[in-house]
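Q: Input: one structure, supplied below.
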């Protein structure tokens, strides 16, 4: 599908907030749109071609919003659709859960399941970073330097999450099938209302929604390590106690039935590694 050119972890200073930086060239030629699955994480996308970025409504794929040539895509608990023709030359910053919080004055909760023009949030810094990416001329080390320098300059809060939020995002991400909000609250000793507000402000999602999304992500990873998908086995391994609950969650987060997801995902490329990008016919 994609010809992914480079992907890199951040420096130590940013490692708790940025999952990776990536750059790719070469848009897919087999399909014109892709539905992206929710991860509970925010990201920044720079289109290094001249056309503005379009984000489509997954329920009505002909409806879209335009965001200039750089966009902050907030944490999501529902899918969205992108135009693959706009993926010809793209640079991205993938944040960890809550990772975008220190770099924006806008609370993460205000961008949940939505997108924001980066020029609106960062003003001149957005166009300045894009200029540096263009000047790098496909040199990924130079792109990394531009991205890391810009992020450090855009810090508006201390480079840390509240300890309770950091603890919870780690627990929900590593063990979403066994961890509950109640169990986390018992450990951190904080009221449900206070914890939920902090978590919502810093990650964008409520604790319950985030945990459900991370469990859905666990399902996707299980699908892609099995040669033959056993849906009942996957549902049980991921903490679903009945098939109806599993199917309901899967459809809520992806817009597909489980079998519909695999049929669409593998339609063009059996070796596709981008588990959150589903080609649309």
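In my numbering, the protein residues as written are 34 to 314.
We put the CB at the ideal spot given by N, CA and C, even for glycine.
1. Compute the distance between the beta-carbons of residue 75 and residue 243, then report whether it is under 9 Å.
2. Based on the DSSP output, what are the partners of residue 148 in its beta bridges?
3. Looking at the unbroken beta strand (DSSP E) that takes in residue 312, where does it start and where does it end?
4. Less than 9 Å separating the beta-carbons of residue 237 and residue 194?
5. Going by DSSP, which residues form a beta bridge with residue 69?
6. Report the start-end ranges of each alpha helix (DSSP H) in the stretch 224–251 that is 4 residues or longer and not cut off at the edges.
7. Does residue 77 come out as helix, strand or coil in the three-state DSSP assignment?
8. From this set, 211, 100 and 185, which residue's C-alpha is nearest residue 43's C-alpha?
9. Is it right to say residue 205 is buried, meaning 16 or more other beta carbons lie within 10 angstroms of its own, or is it exposed?
10. Determine, using beta carbons only, whether residue 292 comes closer than 9 Å to chain B.
11. Return the chain-ordered list of same chain residues with a C-beta closer than 7 Å to the C-beta of residue 71, the five sequence neighbours on each side being excluded.
12. CA-CA distance, residue 218 and residue 225?
13. Shorter than 8 Å, the distance from the beta carbon of residue 295 to the closest heavy atom of the ligand NAD, or not?
14. Could you tell me the boundaries of the alpha helix (DSSP H) in which residue 264 lies?
15. Name the DSSP bridge partner or partners of residue 53?
16. Determine the DSSP secondary structure at residue 273, reduced to helix, strand or coil.
17. Would you check if the distance between the CB atom of residue 102 and the CB atom of residue 163 is smaller than 9 Å?
18. Measuring alpha carbon to alpha carbon, tell me which residue in 82, 61 and 57 is nearest residue 126.
19. For residue 61 and residue 87, what's the separation of their Cα atoms in angstroms?
20. DSSP state of residue 188, grouped into three classes?
21. To which residues of the same chain is residue 282 closer than 8 Å at the C-beta, ignoring the five residues directly before and after it?
22. As a quick exercise: from 230, 139, 198 and 80, pick the residue whose alpha carbon is nearest that of residue 167.
23. Report yes if the C-beta distance between residue 311 and residue 67 is below 9 Å; otherwise report no.
24. Taking the alpha-carbon positions, what's the residue 209 to residue 216 distance?
25. Name the one or two DSSP bridge partners that residue 97 has.
26. Measure the CB-CB distance between residue 49 and residue 313 and report whether it falls below 9 Å.
A: The short version:
1. no
2. 106
3. 310–313
4. no
5. 113 and 310
6. 225–236
7. strand
8. 185
9. buried
10. Among the chains in the structure shown there is no chain B, since it carries only a single protein chain.
11. 109, 110, 111, 112, 246 and 286
12. 7 Å
13. Within the structure as shown, the ligand NAD is missing, as the structure has no ligands at all.
14. 264–270
15. 127
16. coil
17. yes
18. 57
19. 16 Å
20. coil
21. 245, 248, 249 and 273
22. 80
23. yes
24. 12 Å
25. 89
26. no
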